[in-house]
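In what follows, a single structure is set out as C-alpha cells and then discussed.
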Amino acid sequence: MLTGGDEEGASRRCLAFIEQIDSIHAQIAVADEANPIHGVAQNYKSFLATIDRILFARKNILLPRQATVFTTNYDMFLEHASSLVPSVILNDGFERSSSLSPEFSFTPERYFDRTYRSGPVYGHQIEIPTINLVKLHGSLSWRRKADSIVFDPSPVPKLTEDQRAVIGKVNGYLQKHFLILPNFRKFHETLMERVYYDLLRLFSKAMDKENAVLIAFGFSFADEHILDLTRRALRNPTTQLIIISFDHASASGYATKFSKQRNVSVLSPTAGVLIDFKRFNDLLASILPGMTDGI
Numbered sequence: 127m128l129t130g131g132d133e134e135g136a137s138r139r140c141l142a143f144i145e146q147i148d149s150i151h152a153q154i155a156v157a158d159e160a161n162p163i164h165g166v167a168q169n170y171k172s173f174l175a176t177i178d179r180i181l182f183a184r185k186n187i188l189l190p191r192q193a194t195v196f197t198t199n200y201d202m203f204l205e206h207a208s209s210l211v212p213s214v215i216l217n218d219g220f221e222r223s224s225s226l227s228p229e230f231s232f233t234p235e236r237y238f239d240r241t242y243r244s245g246p247v248y249g250h251q252i253e254i255p256t257i258n259l260v261k262l263h264g265s266l267s268w269r270r271k272a273d274s275i276v277f278d279p280s281p282v283p284k285l286t287e288d289q290r291a292v293i294g295k296v297n298g299y300l301q302k303h304f305l306i307l308p309n310f311r312k313f314h315e316t317l318m319e320r321v322y323y324d325l326l327r328l329f330s331k332a333m334d335k336e337n338a339v340l341i342a343f344g345f346s347f348a349d350e351h352i353l354d355l356t357r358r359a360l361r362n363p364t365t366q367l368i369i370i371s372f373d374h375a376s377a378s379g380y381a382t383k384f385s386k387q388r389n390v391s392v393l394s395p396t397a398g399v400l401i402d403f404k405r406f407n408d409l410l411a412s413i414l415p416g417m418t419d420g421i
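Every position in the sequence shown, counted from 1, becomes a number in my numbering once 126 is added.
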C-alpha cells in the first residue's frame, strides 16, 4: 500500500495489526489450557528453559555462559515466559536501577554484561547463564520519551470508533509505539533511528564472532536487510547458520537464498511432516544428553 502511495490505507492496516497483537498480549497471562495462546506460552517457556540448561552445562570457563535470541516479533511471549522459569536471567537491554523511577531506559551496552556469583567461603566466581533478548523491530513494551526509549508493558489506550475515523488520530496512535512496521522505507528509517541502528549492529557483531552459530527457526529471511547482514557475516568461515525449516517445501527457498554460502545447513522434515515450535524444542533439548564437559 505504502509503495503505491496509499499512506492512509497503510496506516489503517498497521493499526489493525497492532490491535491484533494487543488482543493476544492481553490473554498471555490468563489463557487457560484450552486456549491456543496457553500452548504458545508454554512452548516459549520450554525454549528458554532449554537454552538455560545448555548454558549451565557449559563447563569451559573461556566460553561465556551467554546466548542471544534475536527476534523480529513485537509480542511479549518471551518476556512472559522468562517469568515462568525462575532460573532464567533475561537481559532485554533495559537498565533496571534501584531508583524510584518506574521507567527503565533502553541501554544496548547492557547486552555485553556478564553476571557472576561468588561462593561464600572460597570466593570462587561462577558465571550465571544469561539470555540476551534483542528485538530487532522493537516491541509493544517500548515507548519513546524525549530522545530515549523506555520500558512500559501497559497497552496504549485503544481508539474509539470516532477516533479511528480520523487518520490523524490513527497516526498518533501508531507513533506512540516504538516499532519498525513493515514498509518499503524501513531501512532508511533504521539508519536515522539510533536505536534500530544499534540493534542491527548487535546482530552483525554477534554473527562476526569467531565460531558463532546462528540457529534460525520461524524466520523466512524475507527481510532484505537482515538477509544481507547474514550473508555478509557468513563470509567469516567459522560462522555457521543452521536453519530449521517448518516444512519440506520451505527448504528449497532457504537453499536458494544461501546458495553461495557453504557454511549454511538447512534441516527439513520429510514431505507431510512439520517441525512446529514443540518439535523444535524437542530437537534443541535432544543435544543435552550428548554434551561433553568441554562444550
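Quick reminder that beta carbons are idealized off the backbone N, C-alpha and C, glycines included. The structure presented is a predicted model; accordingly, all values stated were derived computationally and were not measured.
Give the list of continuous beta strand (DSSP E) stretches no shorter than 3 residues that lie fully inside the stretch 240-279. 241-244, 251-254, 256-261, 268-271, 274-277
Three-state secondary structure (DSSP) at Ile-413? For this step, residue 413 is matched to residue 287 along the sequence shown. In the structure shown, Ile-413 sits in coil (DSSP, three-state: anything other than H, G, I, E or B).
Mind reading off the beta-carbon distance from Leu-367 to Ala-342? Whole number of angstroms is fine, and I expect it under 8 Å. On the sequence shown, position 241 is the one that residue 367 refers to. On the sequence shown, position 216 is the one that residue 342 refers to. Contact flag correct, Cβ pair sits at about 7 Å.
Please decide whether Ala-160 counts as near chain B, where near means a Cβ-Cβ distance under 7 Å. In the structure shown, chain B does not exist; there is a single protein chain.
Spatial distance of Thr-194 from Asp-288 (CA atoms): The residue given as residue 194 occupies position 68 in the sequence shown. The residue given as residue 288 occupies position 162 in the sequence shown. Roughly 43 Å between the two C-alpha positions.
Opposing strand residues paired with Ile-163 [DSSP bridges]: Working through the sequence shown from its first residue, we reach residue 163 at position 37. Paired residues: none, contrary to the question.
7 Å Cβ shell around Arg-358 - same chain, five flanking residues per side excluded: In the sequence shown, counting from the first residue as 1, residue 358 sits at position 232. Hits under 7 Å: none found.
Distance, Thr-197 Cα to Ser-346 Cα: As a first step, residue 346 must be located in the sequence shown, where it is residue number 220. As a first step, residue 197 must be located in the sequence shown, where it is residue number 71. The straight-line gap from Cα to Cα measures roughly 12 Å.
By the DSSP assignment, the beta strand (DSSP E) with Ile-341 in it spans what residues? Within the sequence shown, residue 341 is the residue found at index 215, counting from 1. First-last of the beta strand (DSSP E) with Ile-341: 339-343.
Start and end of the alpha helix (DSSP H) containing Ala-375? Counting from 1 along the sequence shown, the entry for residue 375 is found at position 249. Where Ala-375 is concerned, the enclosing alpha helix (DSSP H) stretches over 374-383.
Could you round the C-beta distance between Ala-175 and Ala-167 to whole angstroms and report it? I think they count as a contact, below 8 Å. In the sequence shown, the residue the question calls residue 175 occupies position 49. In the sequence shown, the residue the question calls residue 167 occupies position 41. Incorrect: roughly 13 Å between the Cβ atoms, too far for contact.
Helix, strand or coil: how does DSSP classify Glu-221 here? The residue labelled residue 221 in the question sits at position 95 within the sequence shown. In the structure shown, Glu-221 sits in a strand (DSSP, three-state: E or B).
Phe-403 by DSSP, collapsed to three states: which one? On the sequence shown, residue 403 is found 277 positions in, with the first residue counted as 1. Helix.
Short of 8 Å in beta carbon distance, which residues of its chain neighbour Ala-257, apart from the five on each side in sequence? Order them along the chain. One-based indexing of the sequence shown puts residue 257 at position 131. Before going on, a small fix: residue 257 reads as Ile here, not Ala. So the qualifying residues of the chain are Leu-174, Ile-177, Asp-178, Leu-181, Gln-192, Ala-193, Thr-194, Val-195, Ser-208, Val-214, Ile-215, Leu-216, Asn-217.
When burial is assigned at 16 or more other CB atoms within 10 Å of the CB, is Pro-221 buried or exposed? Along the sequence shown, read from residue 1 onward, the residue named residue 221 stands at position 95. Pro is not the amino acid found at residue 221; the sequence shown has Glu there. Exposed, since its Cβ has fewer than 16 Cβ neighbours within 10 Å.
Proximity below 7 Å, CB of Ile-252 to CB of Arg-243: By 1-based counting over the sequence shown, the position of residue 252 is 126. By 1-based counting over the sequence shown, the position of residue 243 is 117. It is a contact, given that the beta carbons lie within the stated cut-off.
Considering only the beta carbon of each residue, do Leu-141 and Val-296 sit closer than 7 Å? As a working mapping, residue 141 is identified with position 15 in the sequence shown. As a working mapping, residue 296 is identified with position 170 in the sequence shown. Yes, they are a contact pair.
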